[in-house]
Amino acid sequence: MSGLLELLNKSGAFGADGNPAGTDSVMCCRSMMLIQMGNRHGPGVEQMSAMALSWYRCLTATALVWGTVWSQGSPPSNPENEVPLRPTIWLPEGKVTPISLPKDQTRRLYFTLKKRASLMSVTVIPCGVPIEWSLAARTIKDRPSKSLQWTSKKSMPEVWWRGSGTEQKMYTFKGNTVDSYTGHTASPASIYILKIKSKVQDSRVSVYLQEGDGVPGIFLEIPPDPRVHTVGVGMTSVTLSWKPSASILKLQKNSHNYHYCVLVNQKQNYKSLCTAQEDMKSEKKRAKKQKLTVWPDVSEWWRHEWDSFRKSGESTLLDNSDELQCACRGMESVCTVSELIPETLYYFDVFVVDTVNGTDSAYAGTFAQTHEEARQIATPLGEGELRWVAFQGTGRQGSQIFSFRPRGWQQSALLTLQSCTGQKVKVTVSNKEQILASEVVGEAVAQIWLQGKPVYQIFLEDMSPGQAVRGVSRPMVKMQASSAYHRQAVPALPTTLQIKSFNKLRTCNSVTLAWFGTEERSLYCMYRRKIKDGESTSRQQCLGPESRSETERVLCKYFQELNPRRAVTTATIGALEPGTAYLFDVYLMRRWGIPVKYHSKTVRTRKEC
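In the numbering used here, the protein residues as written are 5 to 613.
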């Protein structure tokens, strides 16, 4: 016990005056020792358990103090020259090595060379992101002894690093292009250190080490004329051609180690497949945040997911072009890219891909804009003109296009449409830059409010081609556009278009009818027609007052009610014949749109009164 107390005093846990240099727990530990030394008879049973817990706390605190003292006494280490105890990444010769680069973290790769090697080359292939890399050689005077004892297990590079020697920096590079160091080797007793770092973002690189002289064997040959030529351009297709690669010409007939890959996008040209893949990954991340579609016209080519290289520490190199689906893939030096969008700019890149080593060489990319699609000539639609549109064909082939120029500085208009055959028709209103409105029109009156454009393009398309409704083989639409309506919204329509008759008010020569109006002051006109026995009462809903005879008109009156629930108007029609059936029609007349026809109502007068 006295020896342990002496060790505490010598360790520096107590100052020169005997006071603790650390925490109160150390002072408590010293007191425990003095009490134990003074207790000659020994503690009791209850005291032993409490003392054991106190001793545990005491020794724990003492260990913390000693750890602090020892750490303060040890010399500071140089982080740049310190090799951490982690699995060593050895760079093999003659093989492509993929390496992941977390942002602002330096990756170190080590390699040694054969004794007889006098020349070497190190090639670093970035993935479109600017990187920094350097090559150094550390030469030791004496090889480390195998019998040298270490306090802990050391990796081989650390054994070399701890030994005496010098370090020589051989090469440095900054940029995002492929670069190589080619030169003489250092002293035979040397270990080479390759440091790579990315300061912009997480990325990945590929490294290739080659002993001896000559061009690195991983790069496929590109012809002296690396341009991609545009042979033909159409509305939806582009044909490309390029000079063949000597690497592919030298291949045997049954070999498939090399092939061409053509990539298409609307953004830019790429210098490598890896760069295109990294850009696709960034686009998909931004699209998830903004809920957009990445390159929708070529999304089927570029939607293949690739595993994150962070999970394994080293990414898997793009060993083939299957992850980025090629528009053309094979050994032919001609490609026709189809299914493109008319009047759109596209970028085309051609790569020679080595599926064995996972490398590629790029031709000089090109770009082309597809031709403009042949457009129909828009038919002018006059102010307030009532136009009947008949469809002759099916789908887009039978579509109709109209143009309308609103009057006034407000450039606003009200477009009303109605299908006369019951078939649905899609109407799309746009200008040259964007689509302004789109709606499917049926038997009910459709109203579209237009504002802020000098010219409107109205595109009508048959939604149900080939179907016959009520004996009509093709749909017919009634349409009108007017600048007379100046409010900022479409006008209100009646809540229902049903006409009600009152049986108690029905007499031998008169009937009373009621219908809903609107809160706007409008003109309502009623027409009647005598029905013979067995005569059909069906009538097209879009036929307006212009199709009726003046002798059939009974009345026209204005009505307005601000409360929509109470907007009900009535009319009593007299001078009728007893026991006769009449067909009544009500039209809501508007000077800024087509009339709205209520559903026809059949009423028979009483025979006897």
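The C-beta atom is built at its ideal place from N, Cα and C for all residues, glycine as well.
- Counting C-beta pairs closer than 8 Å gives three or more between the region 248 to 267 and the region 352 to 360, which meets the contact rule.
- Residue nearest to glutamate 612 within the set Tyr350, Thr584, Val572 and Thr240 is Thr584 (criterion: CA-CA distance).
- Contact annotation: proline 106 and serine 202 have beta-carbon atoms nearer than 9 Å.
- Counting only runs of 3 or more residues that sit fully inside the region 408 to 468, the beta strand (DSSP E) segments are 416 to 423, 429 to 434, 439 to 445, 450 to 455 and 460 to 466, in chain order.
- The beta carbons of asparagine 513 and leucine 587 sit no closer together than 9 Å.
- When DSSP states are grouped into helix, strand and coil, leucine 390 belongs to the strand group.
- Note on geometry: alpha-carbon atoms of serine 337 and isoleucine 462 lie some 45 Å from one another.
- Between the region 229 to 237 and the region 365 to 380, the count of Cβ pairs shorter than 8 Å is three or higher; the stretches touch.
- DSSP lists Lys173 and Ile197 as the bridge partner or partners of alanine 140.
- The C-alpha of phenylalanine 115 lies about 27 Å from the C-alpha of serine 276.
- Across the structure, leucine 419 and methionine 593 are spaced so that their CA atoms are roughly 15 Å apart.
- Note that the C-beta distance between leucine 517 and lysine 504 is below 9 Å.
- Between the alpha carbons of phenylalanine 506 and glutamine 564 lies a gap of roughly 22 Å.
- In this structure, the CA atom of threonine 555 is about 9 Å from the CA atom of arginine 532.
- In the DSSP assignment, serine 251 falls within the unbroken alpha helix (DSSP H) covering 250 to 253.
- Under DSSP, lysine 203 shares a beta bridge with no residue.
- The way I'd put it, the region 425 to 433 does touch the region 447 to 467; three or more beta-carbon pairs between them come closer than 8 Å.
- Taking all protein chains in view, the Cβ of glutamine 404 is crowded by 16 or more other Cβ atoms within 10 Å, so the residue is classified as buried.
- Per DSSP, arginine 112 is one residue of the beta strand (DSSP E) stretching across 111 to 115.
- Across the set Gly597, Leu566, Tyr591 and Ile452, the C-alpha of Tyr591 shows the shortest separation from the C-alpha of lysine 605.
- Serine 125 has Thr186 and Gln214 as its beta-bridge partners, per DSSP.
- Proximity of the region 202 to 214 to the region 111 to 127 meets the contact definition, three or more beta-carbon pairs being nearer than 8 Å.
- For serine 526, the beta-bridge partners assigned by DSSP are Phe563.
- DSSP places lysine 288 within a helical segment (H, G or I) once states are collapsed to three.
- Glutamate 97 sits in a strand when the DSSP states are folded into three classes.
- Ranked by how close their Cα comes to the Cα of tyrosine 175, the residues Gln205, Glu136 and Val209 have Glu136 in first place.
- Measuring C-alpha to C-alpha distances from glutamate 389 to each of Leu454, Ser487 and Thr425 identifies Ser487 as the nearest.
- With fewer than 16 other Cβ atoms from the protein chains shown falling within 10 Å of its own Cβ, cysteine 560 counts as exposed.
- Counting only the Cα atoms, threonine 340 lies some 12 Å from leucine 267.
- Tryptophan 519 is a Cβ neighbour of proline 498, given a cutoff of 9 Å.
- Just so you know, the alpha carbons of leucine 566 and threonine 573 end up roughly 13 Å apart.
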